[in-house]
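Numbering (the numbering used here), first residue to last: 180 to 628. Please read the structure below before turning to the comments.
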Amino acid sequence: MCFALCLIGLVGIPSSSQAQVSQLNIPIRLPWADLEKKVNTELKELIYQGSNFVQAGDNPFELQIWKIAPIRLKGAEEGLDSESALRIRVKGRYQTTVLGVKVSQSIDEELKIRVFLRTRLQIKPDWTLQSKSQLLRYEWIDNTYLEFGIIRIALNPILDRIIAQNESRLLAEVDRQISQSLDFRAQIRDAWTYFQTPVATSEWGADKTWLWFVPQEVWLHPIQYQAAHLEVPLAIQALSRGVLAQMPDAVSQVALPKAKLKEGDYQTGNQLWIEAYTPRTKAVEKAREIFTRSPYSFRNGRYQILVKDLDIQGEGVFFRLALDLEGTVTGRVYMSGRPVFDPVQKRLTVADFDYNTEEARVNVSGFVRWLFAKKIKNQIRLAFEEAMAEQVAAVRQEVEKSLAYYRLNEIAVMRGQVADFYFDQASLEDGLFKVRAYLGGQLEIHLQP
């Protein structure tokens with residue numbers, strides 16, 4: 180990733196028991212157009228058939244129902260509104276009394292109807308969708324009549340009674356098919372596994388930075404029905420981990436928990452704390468790349484030093500930099516300090532920065548020696564701070580680029596905007612350099628079934 184991930188002799192990172200938990204508020208959005216497409220793909224032309232399913236009085240009828248046009252969906256404040264054009268075939272024997280005489284007739288007729296429903300969706304603990312629909316209204320597209328000699332009886336009112344008597348059973352079938360057609364459990368499980376799998380987020384030469392999450396808790400807020408999309412507000416509390424090295428070995432996975440509903444206002448925005456580490460040897464290697472690139476000069480090049488090699492030592496919040504120099508200063512110079520977070524500039528700076536030249540030969544004397552040594556100290560301190568700031572800016576740019584369009588799986592794309600990004604802690608512990616990064620902004624997941 181960056182030099183800042185290597186620098187870590189800077190402020191201490193809490194142990195895992197004290198780790199900062201990230202709060203991810205991620206609305207999952209499914210555009211109505213995509214939902215329409217999926218529903219119409221799943222629901223074929225013949226959407227229902229059944230014998231002895233409905234009755235009008237004592238007369239059994241058989242129904243077949245076909246979809247004759249694409250189902251239309253739109254969001255409403257209280258649910259999902261749908262409009263369906265259907266063809267109903269009704270078969271059976273109709274009995275009635277005409278002029279005091281009982282008559283009966285076999286019927287096999289078709290009528291067209293337009294049905295308007297409102298559906299509310301809820302995610303069950305097993306991550307399936309539960310659908311609850313209500314009939315708003317319906318209107319007949321055409322009229323059909325039964326002929327009893329000179330008597331004509333409209334079939335539409337007969338079907339009105341059938342619908343009224345069997346509304347709950349018909350709606351139960353509608354809900355069954357909606358829930359079946361909107362089953363995303365496989366994709367949810369895949370996304371949950373992917374969420375915990377180390378992902379390469381950036382590169383530095385041949386090395387990559389790997390990022391993954393350790394979920395702690397997950398819950399859902401009630402589904403929202405927006406004008407352009409269906410929205411499932413998802414909240415996850417997780418520990419975020421990163422490493423600059425080879426891809427980590429198998430990371431233990433947390434099983435997908437049961438879906439839990441949380442009432443109350445849904446908070447937008449994210450507070451992501453990423454704890455990243457790299458072996459000290461790798462950090463030293465990356466630091467050498469930066470500090471040995473070009474000499475440091477003073478007084479228009481009159482005095483110069485070149486960093487030939489370096490080592491980073493220390494423990495906890497203090498570090499010591501051992502520099503092997505050539506030039507105006509030759510030999511080993513030790514510089515020490517501790518990182519502190521500047522809340523105004525939102526960056527790490529080096530405090531209590533000092534140096535020791537006892538093992539070095541400084542080829543100047545008197546006031547010039549004092550001035551030169553002070554300038555070396557300041558330049559090295561600034562080199563640390565500027566390197567960290569440059570790497571933070573570079574990482575932020577990479578994150579922004581990734582979040583512009585990040586595909587999670589075949590149907591899910593994550594998009595986001597970065598509002599804030601900085602490192603606020605760093606340390607050297609047990610042979611590892613550790614840093615903590617803060618990422619604030621907006622994240623959302625778009626489903627594209």
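Where is the CB? At the ideal position from N, CA and C, for every residue including glycine. Here the structure is a predicted model, which means the values were calculated and not measured.
(request) May I have the straight-line CA-CA distance separating Ile415 from Glu468, to the nearest angstrom? (result) Looking at the two C-alpha atoms, the distance is approximately 38 Å.
(message) Closest to Val433 by C-alpha separation, out of Thr447, Gly421, Trp371 and Leu611, would be which residue?
(response) Trp371
(message) By the three-class DSSP mapping on this structure, what secondary structure does Ser312 have?
(response) strand
(request) Can you have a look at Leu300 and say buried or exposed, based on whether 16 or more other CB atoms are within 10 angstroms of its CB? (result) buried
(request) Measure the beta-carbon distance from Leu203 to Ala417 and round it to whole angstroms, keeping in mind my assumption that it falls under 8 Å. (result) Cβ-Cβ separation between Leu203 and Ala417: approximately 6 Å, consistent with a contact (criterion under 8 Å).
(message) My output table needs one value for Asn335: the three-state DSSP class, helix, strand or coil.
(response) helix
(request) Evaluate the contact criterion for the stretch 601-608 versus the stretch 577-589: three or more CB pairs, one atom per stretch, below 8 Å. (result) no
(message) Please report the distance separating the alpha-carbon of Thr380 from that of Leu222.
(response) Here the alpha carbon of Thr380 sits roughly 40 Å from the alpha carbon of Leu222.
(request) Starting from Asp369, follow the alpha helix (DSSP H) in both directions and report where the run begins and ends. (result) Arg364 to Phe374
(message) Which residue marks the beginning of the beta strand (DSSP E) containing Lys291, and which one marks its end?
(response) Where Lys291 is concerned, the enclosing beta strand (DSSP E) starts and stops at Val280 to Ile302.
(request) Evaluate contact between the stretch 208-226 and the stretch 614-627, counting only Cβ atoms and requiring at least three cross-stretch pairs below 8 Å. (result) Touching, yes, given that three or more Cβ pairs across the two stretches are closer than 8 Å.
(request) Determine the direct distance from the alpha carbon of Ala455 to that of Leu184, and round the result to whole angstroms. (result) Note that Leu184 scores a pLDDT of 30, beneath 50, so its modelled location is shaky and nothing firm can be said.
(request) Quick one: measure Cβ to Cβ for Gln284 and Leu338, integer angstroms, because I've assumed they're closer than 8 Å. (result) The Cβ separation is near 15 Å, so there is no contact.
(request) Put Lys387 into one of helix, strand or coil per three-state DSSP. (result) Looking at Lys387 - three-state DSSP - the assignment turns out to be strand.
(request) Report yes or no: do three or more beta-carbon pairs, one from the stretch 572-586 and one from the stretch 338-352, lie closer than 8 Å? (result) no
(message) What does the alpha-carbon distance come out to for the pair Ala255 and Asp354?
(response) 18 Å
(request) Locate the alpha helix (DSSP H) running through Lys437, then write down its first and last residues. (result) Judged by DSSP secondary structure, Lys437 falls outside any alpha helix (DSSP H); it is assigned neither H nor E.
(message) Measuring only the C-alpha atoms, how far is Lys580 from Asp521?
(response) 26 Å
(request) Could you pull out every unbroken beta strand (DSSP E) segment of at least 3 residues lying fully inside the stretch 457-492, listed in chain order? (result) 475-477
(request) May I have the straight-line CA-CA distance separating Gln621 from Ala583, to the nearest angstrom? (result) 11 Å
(request) Indicate whether Thr507 and Ile484 have their beta-carbon atoms separated by less than 7 Å. (result) yes
(message) For Ala616, which residues in the same chain have their Cβ closer than 6 Å to its Cβ, ignoring the five residues on either side in sequence?
(response) Ile453 and Phe602
(message) I'd like the span of the beta strand (DSSP E) that includes Ile603, first residue to last.
(response) According to the sequence provided, residue 603 is Asp. The question's Ile does not apply to it. That run of the beta strand (DSSP E) goes Ala591 to Glu608.
(message) Give me, in chain order, the residues of the same chain whose beta-carbon lies closer than 6 Å to that of Asn535; leave out the 5 immediate sequence neighbours on both sides.
(response) Tyr513
(message) Which residue wins for smallest C-alpha separation from Gly328, given the options Leu278, Leu308, Ile559 and Thr376?
(response) Leu278
(message) Quick check on DSSP: helix, strand or coil for Leu242?
(response) strand
(request) In the DSSP assignment, find the unbroken beta strand (DSSP E) run with Asn204 in it and report its ends. (result) Ser201 to Pro210
(message) Rounded to the nearest angstrom, what separates Leu561 and Phe363 at their Cα positions?
(response) 52 Å
(message) Looking at the strands, I want to know which residues DSSP matches up with Glu505.
(response) In the DSSP output, where bridge partners are listed per residue, Glu505 has Leu485.
(request) Sort out for me which residues DSSP pairs Lys270 with in a bridge. (result) Glu241 and Asp287
(message) Using a Cβ-Cβ cutoff of less than 6 Å, which residues in the same chain neighbour Gln492 once the five nearest sequence positions on both sides are dropped?
(response) Arg499
(request) Grab me the residues of Phe532's own chain with a C-beta within less than 6 Å of its C-beta, minus the 5 sequence neighbours each way, in chain order. (result) Excluding residues up to 5 positions away in sequence, Gly516 and Arg560 lie with their Cβ nearer than 6 Å to the Cβ of Phe532 in the same chain.
(request) Express the C-alpha separation of Gln558 and Thr471 in angstroms, rounding to a whole number. (result) 14 Å
(request) Measure the alpha-carbon distance for Ile357 versus Ser310 and round it to whole angstroms. (result) 7 Å
(request) Buried or exposed for Glu410, please, with buried defined as at least 16 other CB atoms from any protein chain shown within 10 angstroms of its CB. (result) In this structure Glu410 is buried. Its beta-carbon is surrounded by 16 or more other beta-carbon atoms within 10 angstroms.
(request) Could you pull out every residue in the same chain whose Cβ sits closer than 8 Å to the Cβ of Glu505, ignoring the five residues on either side in sequence? (result) Ile484, Leu485 and Lys487
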